[in-house]
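K.L.:
My questions all concern the structure below.
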């Protein structure tokens, strides 16, 4: 299927470009569905490759899936992947839909950003975390994720600003 987008999207540098340059569906991702069923999500390999070195390597590498025209992504739920794909294509939608009522959602989202090597997701998630009240254990887990993005030290500094005491800050730094 090669329908064409009729909307504008932004690349990983925040620069707009018209998406009609790319087919809306050029491959599929297979993820975990409900009750151990697999779920297929049609995606644009071109757009994902622009946003993520992980997907670029996956699509351009010599993998068996290349001949099957689908790629299996393990340990990701269908809902989480669909929301993540919406975010990559439209930027504004993802964080509105997954607005963190719990810090656990933010941790899961950051883990996906780490897994798929998409660092520009950190700032919007940090803004959401500023409105929540993470526990020291959650903050330590967030610092461990932040350590995987060494070029994004602003994220780690933002997390430290959320700490409630110097001893909490010290525990977080030890996690980093």
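Numbering (UniProt numbering), first residue to last: 1 to 176.
Glycine included, C-beta positions come from ideal geometry on N, C-alpha and C.
(1) Within its chain, find whatever has a CB closer than 6 Å to the CB of residue 49; leave out the 5 residues flanking it on each side and keep chain order.
(2) Once DSSP output is grouped into helix, strand and coil, what is the label at residue 25?
(3) For residue 166, does the count of other Cβ atoms within 10 angstroms reach 16, so buried, or fall short, so exposed?
(4) According to DSSP, is residue 134 part of a helix, a strand, or is it coil?
(5) So is residue 127 buried or exposed if we call it buried at 16+ other beta carbons inside 10 Å?
(6) Considering Cα atoms alone, identify which of 112, 52, 135, 136 is closest to residue 125.
(7) Residue 114 by DSSP, collapsed to three states: which one?
(8) My output table needs one value for residue 123: the three-state DSSP class, helix, strand or coil.
(9) For the alpha helix (DSSP H) that contains residue 55, what are its first and last residues?
(10) Can you tell me whether residue 77 is helix, strand or coil according to DSSP?
(11) State the DSSP-derived secondary structure class of residue 141, mapped to helix, strand or coil.
(12) Go ahead and pull the three-state DSSP assignment for residue 150.
(13) Relative to the alpha-carbon of residue 74, which residue among 106, 115, 159 has its alpha-carbon at the smallest distance?
P.N.:
Let's see:
(1) 55, 56, 59
(2) coil
(3) exposed
(4) coil
(5) exposed
(6) 112
(7) helix
(8) helix
(9) 53-60
(10) strand
(11) helix
(12) coil
(13) 115
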